[in-house]
Each structure stands twice: as structure tokens, then as C-alpha cells.
Amino acid sequence: MTDTHYDAVIIGAGFAGLSAAALLSQQGRRVLLVEKSGRLGGRAAYIERDGFVWQYGQHSHRLAGDGIAARVFERLGEPIDFIDTRGNTAYLYFDGRLHRRPESVGGFLTTSLLPWAALLDFLRFYRRVLKEDANAWYDRTLLDFYRERGRNPWVERFLGFLGFTVMVSDPGLVSAGEVIQFLQRAAKAPIKQGEPRGGSRQLIDKLEAAIRRHGGEIHAAERVETILVERGVAVGVKTDRAHYRAGKVVFAAPLPGLFRVMPESLFAPPFVDYVTHIRPSRGVSIDFVFNEPVTDITGGILGVDMPLWVKFQSNIDPSIAPAGKHVNTWAMLLDPDSPASRDAPDAAEARIKRLMEELIPGCTDRIVHQRRLILPMVNGNMLMPSQSYPHRPSIICPDVRNLYFIGDTVQAEGCSGDIAFSSALELAGSL
Ligand SMILES: Cc1cc2nc3c(=O)[nH]c(=O)nc-3n(C[C@H](O)[C@H](O)[C@H](O)COP(=O)(O)OP(=O)(O)OC[C@H]3O[C@@H](n4cnc5c(N)ncnc54)[C@H](O)[C@@H]3O)c2cc1C
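Residue numbers (the numbering used here): 814 to 1244.
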């Protein structure tokens, strides 16, 4: 063992681990953050090369300054600098066409998204979503919830839009309670989506700076091999370089990786069963580089009846590309039920390129560079009923004392990256 004794050792420097390390060191705790990769940020990591900021995942933050990510940075006294996106043009792709994306109930009345009778039925349902108690609906799907009172086939297809707000576009798969809790918060927020200036680089750099400013230590390119447990109490970690003792051990990586650093036998069987069956979402993301802007769309495109999301990154934030270069990111979720095959990403890329040509004719001939990422994990936890808020493991481990779990697979508020941020806030509040 080294002599060093920390108040907390945190395993993994994604949004969750970085936020927890920053918040705990701000509180005066002696913190060590260990990250196996040479780069900080986890699924939000970035690389700067040739004047581009290449992001692994280009991130938007739900509800901008009113959202959960913003709370962490307010607490640290370093608010996120969001780009002013008022007046941006955002679209939905539905039934083979682009439609302006409505931002309010009134906005739906001026679109041609749905035939009139379906639109009225949808708006009646949406009113119910805004009034219903989310707790009563976590265990049912959005489609079940709609079918209690409605049966319009157009509306059933359009529900994909509501599901996609929590990144599960299939209304027969997504937990109604998760959609309800998000849309109720969203209805009160003036801005639905925040784009940080400089992308995730801004958040990662601010969190790293806060940790160092408050005396926290970061060890990158060091892998935790074992969480050390003595008589049912977590007491530290063994890495590929050293041993560290700590009063608290925080596992800040997706929970399915837990049993690589601890034996299953330390945990209750239902927990082991849950963790070994967690289903993440998977996808493909392609950054396309052009020598000219190929569209003036600034607010992106979201698929309603296909799991597509498009961000015209350099139209929103020119700082992520060198002068004269333009970057668009087109991404698609892969079917969570189909076996991971090598053909699925190729099929998704072909589908994306067909769509690009359909929506922006001639643009594929103007691609000067492309970077394709196959994403084995987009969200660590697909928000379906069995993985909805009440079912996710809590932050405080009930089986091993002084062991904590944070990150987007645990029981904390929000969806996607917001779960990671809110779990860090909760941890900092409970230690
Ligand atoms: C392409 C893409 C786009 C996305 N877009 C959005 C978006 O717009 N909005 C949003 O809210 N969310 C988005 N997400 C989801 C979001 O990125 C995640 O929810 C969030 O980053 C999860 O953070 P985390 O800290 O929980 O986990 P991670 O980012 O996975 O971090 C875990 C870290 O732990 C490290 N680690 C694991 N095991 C060990 C070990 N043994 N020793 C040391 N280190 C270890 C890993 O290397 C990793 O860095 C997107 C994800 C992707 C992939």
C-alpha cells in the first residue's frame, strides 16, 4: 500500500466522476480521480486536431441553464457558457418529410405534422402527459399510456417524438414515467436544449480545472483493477500502478463494468441479476467535413419515425472547426434487439447517406472527409420500464459499506448525461 490516504477515490472520469471529484474537492475532501484512458471525459471526451474539436459524442444539454448539468457548474461557480440558440431553425423528420419543430403546444397548430383529427387527439394526450403523476407510469410504456384513451395510428407513430426526448424513440419500449417527468420539467423551461460554446471541451476543461484548483488529484491512463474490500467495507483500490486507501470508494463507470473490479459474490443476487442484464443504447455517429456550408439549418434534425439525430455543428458553433471547414454530425441509434453485427453500422451509414441526399441534394458529393464512430454505448441505460428510475440501483451500495455508484446507470434524476450529473450532485450532498 502507498501511505496516501484519500477521503474518496473515484473510478472513472466521465461527466459523473469529474463532477463528483470537483464537487467533493470543493467541499474540502481529499479526492483522487482515476481514469483508465489517457483522455478525460468518457463518452463526452474530445480531441483537438488540425484546428477541429472532434467530440466522441457531440452533446446538447437538456433545458440549458435550467437543466441538471447547469446545476453542477452553478454550484462550482463556473456557469456553462451556452450559445444563444434563440431563432435557430430546428426540424423533425416524420413520414418522409422535414417539418419545423414546434417548441410549444401552440406551435403544433401551425405545422402540417399530423392530419387535423390526429393533431387534436395528440394535443389532448399531451395535456394528459403534463398533468399525470410520473410515479404511476414508470412501469408502463408510453404506448400503453396513450392506448388507455386513444387509438389513432398517426398519433401512435408520432409518439416516437416524445420518446426520443429521452433517447428511446420506440413508444412501445420507452417508460411513460420517464417521458412524463422530463416533459413536465421541459414545459416550464424557456430553452429546451443548450449548446455549450466549444462543445463538451468547455465542460470537461472546467471540471478538470475545478478539481485541480481545489486540490483534487487526477491520475489518467491508470486502470483500477480491484476495489479493495475488508470485512464488508470498501477501503481503497488497486490499480495497474499502485494501491490507494480511501474512506469512500466511488464507482463512476457504467455498472456492468463493476464485476470486472469486484466479485459478484459480494452483492445480493437481485442486484447482480439487474446489473448483468442492463441494456444500453447503441448507435453510429458520422462527422462529415465540407469546404462550404451545405445547409443553413442551425437547430438540427430529430427523426420521429426513425432514430436519427443530426447536428449541423459548425453552423451552431464555428469555433469547433478551422476557418473554411464545416462539420455536420449525423447519428442513428441501432436496433437494441438485433444482435451486434458488422453489417448494422454499414447499413446505418448507407441509410444516413440516402437521407442526406434526399434532404440536401448533392451534399454527399461534397464530403471532403468523414469520421465514423460505432457506439457500443450511447446511453448506459435505455429508459424502458425495467430500467426506469425506481428500478435503477441506488447511489449508496447496500451490500458493501463505503461503496457508492454514480453515472448514467444509477438511480438519479433525468436521462442520458443528466443522470450522470445528478448522481454526482446527490453523492456530494450525501457524503
Ligand atoms: C455519441 C453520443 C452522443 C451523446 N449525446 C448526448 C447528449 O446530447 N446529451 C446527453 O445528456 N447525453 C448524451 N450522451 C450520453 C452521455 O454521453 C452519457 O450519459 C454520459 O457521458 C455518461 O457519463 P458517465 O460519467 O456516467 O460515464 P462514462 O462517460 O462512460 O465515463 C466512465 C469512465 O470510467 C472509465 N473507467 C471504466 N472502468 C475503469 C477502470 N477500471 N479504471 C479507471 N477508469 C475506468 C471509462 O474509461 C470512462 O472514462 C451521448 C453519448 C454518446 C456516445
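In this text, a Cβ means the ideal position worked out from N, Cα and C, and glycines have one as well.
Quantities reported herein were computed from a predicted structural model and do not represent experimental measurements.
Assign residue i to one of three DSSP states: helix, strand, or coil.
i	result
residue 1009	strand
residue 1204	helix
residue 1291	With the chain covering only 814 through 1244, there is no way to say anything about residue 1291.
residue 814	In this prediction, residue 814 scores a pLDDT of 49, lower than 50, which makes its location untrustworthy; no coordinate-derived value is stated.
residue 1162	helix
residue 1245	Since the first residue shown for the chain is 814 and the last is 1244, residue 1245 is missing from the structure and cannot be characterised.
residue 993	helix
residue 1225	coil
residue 1156	helix
residue 1017	helix
residue 1001	helix
residue 1243	helix
residue 1220	coil
residue 825	coil
residue 844	strand
residue 1136	coil
residue 875	strand
residue 1034	coil
For the beta strand (DSSP E) holding residue i, just list the boundary residues, first then last.
i	result
residue 868	865-868
residue 1061	1056-1064
residue 1087	Here residue 1087 belongs to no beta strand (DSSP E); instead the alpha helix (DSSP H) covers 1082-1089.
residue 1043	1037-1043
residue 861	859-862
residue 1028	That residue, residue 1028, is in no beta strand (DSSP E); it is neither H nor E in DSSP.
residue 1213	Residue 1213 -> no beta strand (DSSP E), and no H or E assigned at all.
residue 963	Careful: residue 963 lies outside any beta strand (DSSP E) and carries neither H nor E.
By Cβ distance, which residues of its chain are closer than 6 Å to residue i, with the 5 residues on each side in sequence left out?
i	result
residue 1033	848 and 851
residue 1124	871, 1113 and 1142
residue 1227	881 and 1235
residue 826	846, 848 and 853
residue 868	859, 1012 and 1013
residue 829	1065, 1219, 1220, 1233, 1236 and 1237
residue 1110	902 and 1125
residue 1030	845
residue 883	893
residue 1177	1166, 1169 and 1170
residue 942	993 and 996
residue 1004	877
Give me, in chain order, the residues of the same chain whose beta-carbon lies closer than 7 Å to that of residue i; leave out the 5 immediate sequence neighbours on both sides.
i	result
residue 896	1008, 1010, 1129 and 1130
residue 814	Note that residue 814 has pLDDT 49, beneath the 50 cutoff, so the model's placement of it is unreliable and the number below is only indicative. Contacts found: 1056 and 1058.
residue 1182	1102
residue 833	823, 1063, 1065, 1219, 1237, 1240 and 1241
residue 989	950, 953, 954, 955, 957 and 958
residue 1096	1144, 1145, 1146, 1147, 1188 and 1191
residue 908	1118
residue 967	927, 928 and 931
residue 938	959, 963 and 968
Assuming residue i and residue j are in contact, meaning their beta carbons sit under 8 Å apart, how far apart are those beta carbons, in whole angstroms?
i	j	result
residue 1037	residue 1074	6 Å
residue 864	residue 1134	7 Å
residue 972	residue 984	4 Å
residue 846	residue 1024	7 Å
residue 1093	residue 1193	5 Å
residue 945	residue 1202	Actually they are not in contact, since the Cβ atoms of residue 945 and residue 1202 sit about 15 Å apart, beyond 8 Å.
residue 879	residue 1002	4 Å
residue 888	residue 831	Wrong, their Cβ atoms sit about 13 Å apart, outside the cutoff.
Tell me where the alpha helix (DSSP H) around residue i begins and ends.
i	result
residue 1143	Not the alpha helix (DSSP H): residue 1143 falls in the beta strand (DSSP E), residues 1139-1147.
residue 1072	No alpha helix (DSSP H) contains residue 1072, which DSSP labels as neither H nor E.
residue 834	828-839
residue 960	955-960
residue 851	Neither: residue 851 is in no alpha helix (DSSP H) and is coded neither H nor E.
residue 985	Careful: residue 985 lies outside any alpha helix (DSSP H) and carries neither H nor E.
In chain order, what residues of the same chain lie with their CB nearer than 8 Å to the CB of residue i, ignoring the 5 residues before and after it?
i	result
residue 1104	1137, 1138, 1139, 1179 and 1181
Exercise for the section: Return the chain-ordered ranges of every beta strand (DSSP E) run that is complete within the stretch 1166-1206 and spans a minimum of 3 residues. Expected result: 1180-1188
Handout entry: Start-end ranges of the beta strand (DSSP E) lying completely within the stretch 880-947, minimum 3 residues
Key = 904-907 and 910-913
Practice task
Counting only runs of 3+ residues fully inside the stretch 1085-1119, write out the beta strand (DSSP E) ranges in chain order.
Solution key: 1095-1103 and 1114-1116
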